[in-house]
Amino acid sequence: MRALVTGASGCLGRALVEELAAHGWDLRTTARMPAALPDFMAADLVTADLRPLLAGVDVVFHCAALSSAWGAEAEFIAANVTATRRLLDAAERAGVMRFVFASTPSLYADGTDRLDVAEDAPLPGRCVTPYAHSKRLAEQMVLAADGQMRCNAIRPRAIYGRHDRALLPRLIGAMRRGTVPMIGGGRALIDVTHRRDAARAMILAASAPGGRVWNVTSGRAFAFRDLVEIAGRRSGLRFRRLPIPYSLAMSLATAAEAFARSRGGAEPALTRQAVASLGRSLTLDISAARRDLGYRPLVSFEEGLAECFA
1 MRALVTGASG
11 CLGRALVEEL
21 AAHGWDLRTT
31 ARMPAALPDF
41 MAADLVTADL
51 RPLLAGVDVV
61 FHCAALSSAW
71 GAEAEFIAAN
81 VTATRRLLDA
91 AERAGVMRFV
101 FASTPSLYAD
111 GTDRLDVAED
121 APLPGRCVTP
131 YAHSKRLAEQ
141 MVLAADGQMR
151 CNAIRPRAIY
161 GRHDRALLPR
171 LIGAMRRGTV
181 PMIGGGRALI
191 DVTHRRDAAR
201 AMILAASAPG
211 GRVWNVTSGR
221 AFAFRDLVEI
231 AGRRSGLRFR
241 RLPIPYSLAM
251 SLATAAEAFA
261 RSRGGAEPAL
271 TRQAVASLGR
281 SLTLDISAAR
291 RDLGYRPLVS
301 FEEGLAECFA
């Protein structure tokens with residue numbers, strides 16, 4: 001089987017390349033910037049001719065995305081919606097048999113605590129961030145395209161591990177600055193997913209019946225303050241914990257974003273997405289992935305964290 005991995009230079013993409021190679025898949029990889037990866041072809045999925053990428057490909061694993069707490073809505077739509085639509089169309093024309101999309105559980109977030117959320121749980125009428133909105137639109141397109149080309153998606157929660165550029169780097173950055181905000185006292189529950197667990201779930205989804213989406217986590221939820229404690233011990237950094245009420249944190253983030261836009265748009269230290277992600281509980285029910293895919297989390301947070309400091 002020949003697979004195309006988009007976003008192959010990212011945390012999930014690299015994990016997929018490793019897992020697929022270990023199981024004997026023939027690989028083609030792509031990202032916007034050059035990378036030392038198997039049969040690599042640099043491409044911007046929004047503008048490039050996608051036919052060379054898809055020639056001879058049986059399965060597409062679509063990991064490429066603009067995943068950020070900050071940015072213009074038009075940028076998220078281009079990178080996450082337009083690119084996905086173009087890739088779906090090109091893959092179907094090329095005779096690709098399977099298409100697996102890396103979605104996000106951010107589309108569940110509504111500003112309240114949500115626990116053990118299943119895939120059929122009601123979604124908010126309005127997504128809380130442009131990122132979540134764009135991924136929701138892209139996921140809808142992927143599932144609607146299921147037909148002769150079987151299309152599935154996974155919603156992995158808080159991917160971390162080697163090559164992570166978001167979750168742990170941001171946390172470690174706050175530790176190095178000397179203060180970690182504890183929004184709502186750090187009591188919010190958060191699922192995490194090691195990159196290898198997420199990659200294995202995508203591979204399992206490639207052989208499942210089409211038109212489905214599955215939640216994916218590493219099977220254990222942590223209070224944010226406990227994640228900070230574990231990461232703090234592992235890093236050896238000294239820092240203080242600053243309790244902040246949720247409403248105050250959201251007001252500060254709103255003001256920080258307005259100030260950042262007035263100064264040219266650089267991402268502020270505190271964003272509304274960060275406040276919502278770290279100040280409200282969001283945990284996922286992964287029983288469908290266990291049942292339908294035979295998915296089993298293999299990497300504990302402590303094990304996964306070790307590779308981030310190796």
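Going left to right, the sequence shown walks through residues 1 to 310 as UniProt numbering numbers them.
For every residue, glycine included, the Cβ atom is placed at its ideal position computed from N, Cα and C.
In this structure, P156 lies away from T129, with their beta-carbon atoms at least 8 Å apart. The shortest C-alpha to C-alpha distance from F61 to any of I230, M149, L189 is the one to M149. Taking a contact to require three or more Cβ pairs closer than 8 Å, the segment 199-208 and the segment 261-270 do not qualify as touching.
In the three-state DSSP reduction, L305 falls in the helix class (H, G or I). Straight-line spacing of the CA atoms in P124 and A132 works out to 11 Å. For T84, the three-state secondary structure derived from DSSP is helix.
H133: member of the alpha helix (DSSP H) spanning 130-144, first to last residue. For the set A65, G211, D226, the Cα lying nearest the Cα of R187 is the one of D226. By the Cβ test, the segment 3-16 is in contact with the segment 52-71, since at least three Cβ pairs between them sit closer than 8 Å. Looking at the DSSP output, M182 shares a beta bridge with P243. With respect to the 8 Å criterion, L27 and A21 are classified as neighbours on the basis of their beta carbons. Rounded to whole angstroms, the separation of the alpha carbons of A269 and L88 is 36 Å. Going by DSSP, F224 is part of the alpha helix (DSSP H) stretching over 224-235. Residue nearest to E302 within the set A231, Y295, D44, L278 is A231 (criterion: CA-CA distance). Under the DSSP assignment, P156 falls in the beta strand (DSSP E) whose first and last residues are 150-156. Here R114 carries a strand assignment [DSSP, helix/strand/coil].
Separation of G147 and T254 (C-alpha to C-alpha, rounded to the nearest whole angstrom) is 43 Å. Annotation: T217 to L305 spans about 15 Å, alpha carbon to alpha carbon. Taking C-beta atoms under 8 Å as the contact rule, N80 and A31 fail to qualify, at a distance of about 15 Å.
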